[in-house]
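Notes follow the structure.
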Amino acid sequence: MAIARALVGQPDLILADEPTGNLDSQNAETVMQLFAELHTAGATICMVTHDASLAARAQRIVHMLDGRVQAAVQQAA
Numbered sequence: 000m001a002i003a004r005a006l007v008g009q010p011d012l013i014l015a016d017e018p019t020g021n022l023d024s025q026n027a028e029t030v031m032q033l034f035a036e037l038h039t040a041g042a043t044i045c046m047v048t049h050d051a052s053l054a055a056r057a058q059r060i061v062h063m064l065d066g067r068v069q070a071a072v073q074q075a076a
């Protein structure tokens, strides 16, 4: 429900803190597909996750440790 509320105004920037954390795998995939569609339409998605398989789907991954950036990796599109 929080994702639906956040998308009502069609924002250009979406901040998502563990958006799939409490979802089963099917609903998590639905959220990730929605994010992919929004990104294709021009939205920027900034997502925090501990799930490496979800992070691997991003164009850019920023690794943090103790509140500090450790590395930033640009993925192939």
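In numbering that gives the first Met the number 0, the protein residues as written are 0 to 76.
A virtual CB, placed ideally from N, CA and C, is assigned to each residue, including glycine.
According to DSSP, residues forming a beta bridge with asparagine 62: First, the residue type needs correcting, since residue 62 is histidine and not asparagine in the sequence shown. Paired residues: Ala70.
Limits of the alpha helix (DSSP H) - the one that alanine 40 falls within: Neither: alanine 40 is in no alpha helix (DSSP H) and is coded neither H nor E.
Outcome for proline 10 when other beta-carbon atoms lying within 10 angstroms are tallied against a minimum of 16: exposed
N- and C-terminal bounds of the beta strand (DSSP E) containing leucine 22: Premise fails: leucine 22 is in no beta strand (DSSP E) and is neither H nor E.
Closest Cα partner of leucine 12 within the set Met31, Gly20 and Thr43: Thr43
Boundaries of the beta strand (DSSP E) in which alanine 15 is found, first to last residue: 12-16
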